[in-house]
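Presented below is the structure to which this report refers.
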Amino acid sequence: AADAWPRELSGGMARRVALARALALDPPLMIYDEPLTGLDPIASGVIMSLIRRLNDSLGLTSIIVTHHVHETLPICDQALVIANGGIVFAGTPAQLEASADPLVRQFLHGQPDGPIPFDAAPRATRSAA
Numbered sequence: 295a296a297d298a299w300p301r302e303l304s305g306g307m308a309r310r311v312a313l314a315r316a317l318a319l320d321p322p323l324m325i326y327d328e329p330l331t332g333l334d335p336i337a338s339g340v341i342m343s344l345i346r347r348l349n350d351s352l353g354l355t356s357i358i359v360t361h362h363v364h365e366t367l368p369i370c371d372q373a374l375v376i377a378n379g380g381i382v383f384a385g386t387p388a389q390l391e392a393s394a395d396p397l398v399r400q401f402l403h404g405q406p407d408g409p410i411p412f413d414a415a416p417r418a419t420r421s422a423a
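Just so we're aligned: 380 in our numbering is position 86 of the sequence shown, and the numbers increase by one with no gaps anywhere.
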């Protein structure tokens, strides 16, 4: 990979290069926005393991924004669920998985029916002419 052009890197390699560039600035906090999007399960596992090892070895704090909850929870100390413009859950991964909140349950288990409508996008209203 050292001799490859950027366009020749796989998704996982490109993510690791981006991570190395960010770490070169010696940040006290890392924010990851959907770090697993477009990655296969193996590359996802590598990225999650890398984030955890970096946090532990460098003393970093990381915020991971993701829809890949099940891949991310094993490396988390705390979890937040945001819906409807606010925080609907805050706690440990174990507390999240044990939550009885119908919204949280629906999101965690990918259930089509529940308090979160499948098509949650706001709709423009038509005015009568």
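A virtual CB, placed ideally from N, CA and C, is assigned to each residue, including glycine.
Strand pairing of residue i, partner residues [DSSP]
i: Asp-327; result: Val-359
i: Leu-374; result: Ala-384
Integer-rounded CB distance, given that residue j should sit under 8 Å from residue i
i: Ala-373; j: Gly-385; result: 7 Å
i: Pro-326; j: Ser-356; result: For the sequence presented, residue 326 should be read as Tyr rather than Pro. Their Cβ separation, rounded to whole angstroms, is 6 Å, which keeps Tyr-326 and Ser-356 in contact under 8 Å.
Residue of the options minimising C-alpha distance to residue i
i: Thr-366; options: Ile-341, Ile-381, Leu-348; result: Ile-341
i: Gly-404; options: Ile-336, Ile-325, His-361, Ser-304; result: His-361
i: Val-363; options: Asn-349, Gly-339, Leu-348, Ser-351; result: Gly-339
i: Pro-329; options: Pro-322, Asp-320, Val-311; result: Val-311
i: Leu-303; options: Ser-393, Pro-321, Ala-337; result: Ala-337
i: Leu-257; options: Pro-300, Ala-298, Ala-392, Leu-348; result: The chain is shown from 295 up to 423; residue 257 falls before or after that span and cannot be answered.
Pair within 7 Å by beta-carbon distance, residue i and residue j
i: Gly-306; j: Leu-333; result: yes
i: Pro-396; j: Pro-409; result: yes
Spatial neighbours of residue i in its chain, beta-carbon cut-off 8 Å, leaving aside the 5 residues before and after
i: Val-398; result: Val-375, Val-382, Phe-383, Leu-390
i: Val-359; result: Ile-325, Tyr-326, Asp-327, Glu-328
Spatial neighbours of residue i in its chain, beta-carbon cut-off 6 Å, leaving aside the 5 residues before and after
i: Arg-346; result: Ile-369
i: Gln-400; result: Gly-408, Ile-410
i: Pro-387; result: Leu-367, Cys-370, Ala-373
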